[in-house]
Amino acid sequence: ELPGWRGEHVPTTTMFRALLVAASVAVAHACYSKAGTTLAMGDDTWVCLTIANSSDWTSNGELGYKRMAFPAKMDEFTKLEIDGSWESVDYSVDTLTSALGVSSGQELFMHVESEGQFSYQKRYRTTIGNAQAVTFPMNVAIVNMDMGEVVGITWDYGCFNCGSDSCAKNTYNYKGGTHSDGEAECYMNDADCSSNKCDMVVYVVWSGTDVNGNYLLSQQKRLSNFQLGDVKIKY
Numbered sequence: 002e003l004p005g006w007r008g009e010h011v012p013t014t015t016m017f018r019a020l021l022v023a024a025s026v027a028v029a030h031a032c033y034s035k036a037g038t039t040l041a042m043g044d045d046t047w048v049c050l051t052i053a054n055s056s057d058w059t060s061n062g063e064l065g066y067k068r069m070a071f072p073a074k075m076d077e078f079t080k081l082e083i084d085g086s087w088e089s090v091d092y093s094v095d096t097l098t099s100a101l102g103v104s105s106g107q108e109l110f111m112h113v114e115s116e117g118q119f120s121y122q123k124r125y126r127t128t129i130g131n132a133q134a135v136t137f138p139m140n141v142a143i144v145n146m147d148m149g150e151v152v153g154i155t156w157d158y159g160c161f162n163c164g165s166d167s168c169a170k171n172t173y174n175y176k177g178g179t180h181s182d183g184e185a186e187c188y189m190n191d192a193d194c195s196s197n198k199c200d201m202v203v204y205v206v207w208s209g210t211d212v213n214g215n216y217l218l219s220q221q222k223r224l225s226n227f228q229l230g231d232v233k234i235k236y
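With the sequence shown counted from 1, adding 1 to any position gets you our numbering.
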């Protein structure tokens, strides 16, 4: 069954929304199995967002996750958004936390996949400090290419839209530990969230070269290339 996404073209950005309740299984294999093909600028590809109830994928315990697949065109600056991924401060009535068996005080993690490559993980919902419930709603993923082949996925770091009091490190490996090279990024207090503010949003850019050796251009739009205040970020 195809994901419940709709796409629209707006200036400089391709936008795709997926409905949380319509998570795709049939096409998600395009993200975590390597197709063996090489891509040119504008070629069709897939990007997947995976949300899990643990950062430890090596444990013998049961791991719950949802994976959503989005169609994309290589080297088009793209916004991916999951409608309904944040519904309530109360984990017991929120659709996503309930579906993944996550209670208040526990965590949700997310990562990006494309053409058999995986990013490091990030927390989506968690607690910070004195049990303060927070959400990291927005991320920028960089799909790294070498002659049209996806060779890795990294993150664009920075606290672009918040002060130091709402900024924390947020990168994890697949064994449940923190990734030492991860830098800080913005979070929002759950009390200040609403679905239009804290639904999961991932911007995707591509960096490197396509199959024809052309240098990819969308990486120029990653947020770390702009001075603070130059852009207004909408989640």
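Virtual Cβ for every residue (Gly too), placed ideally from N, Cα, C.
Predicted model, so just to flag it, every value in this text is computed and none were measured.
Straight-line CA distance for residue i to residue j?
i	j	result
K80	N140	10 Å
K183	D44	It is Gly, not Lys, that sits at residue 183 in the sequence shown. Going from the Cα of G183 to the Cα of D44 covers about 30 Å.
R68	M146	23 Å
H180	A70	25 Å
G117	D91	35 Å
A100	R223	32 Å
S322	S93	Examination of residue 322 is not possible in this model, given that the chain is present from 2 through 236 alone.
Q107	T127	6 Å
T136	Y216	35 Å
K74	T155	18 Å
V103	G214	45 Å
Y1	P72	This structure leaves residue 1 out entirely; the chain is present only between 2 and 236.
D200	C32	22 Å
D76	V152	15 Å
T98	E88	9 Å
V203	G209	20 Å
G230	G159	At G230, the pLDDT of 48 sits below 50, so the modelled position is not reliable; the number obtained from the coordinates is stated separately. If I take the Cα positions, the gap works out to 13 Å.
Y66	K170	23 Å
D191	S86	13 Å
From which residue to which residue does the alpha helix (DSSP H) around residue i run?
i	result
M97	Correcting the residue identity first, residue 97 is Leu in this sequence and not Met. That run of the alpha helix (DSSP H) goes T96 to A100.
Can you tell me which residues form a DSSP beta bridge with residue i?
i	result
S115	Q118
R223	Answer by DSSP bridge pairing: none, since R223 is not bridged.
A53	Y66 and F110
G153	N145
T136	R126 and M189
K176	D57
V90	Bridge partners of V90: none, in fact.
V48	F71
Would you give the residue range spanned by the beta strand (DSSP E) that residue i belongs to?
i	result
F71	Y66 to K74
A142	M139 to D147
A169	C168 to K170
What's the call for residue i, buried or exposed, on a 16-neighbour Cβ count within 10 Å?
i	result
S195	exposed
A132	exposed
G221	The sequence shown places Gln at residue 221, rather than the Gly named in the question. Exposed, because fewer than 16 other Cβ atoms sit within 10 Å of the Cβ of Q221.
S25	Confidence is the limiting factor: at S25 the pLDDT is only 49, short of 50, which leaves the residue's position unreliable, though a coordinate-based value still follows. Buried.
S55	buried
Against chain C, does residue i count as a neighbour if the rule is that its beta carbon must be under 9 Å from one of theirs?
i	result
N171	The structure shown has no chain C; it contains just one protein chain.
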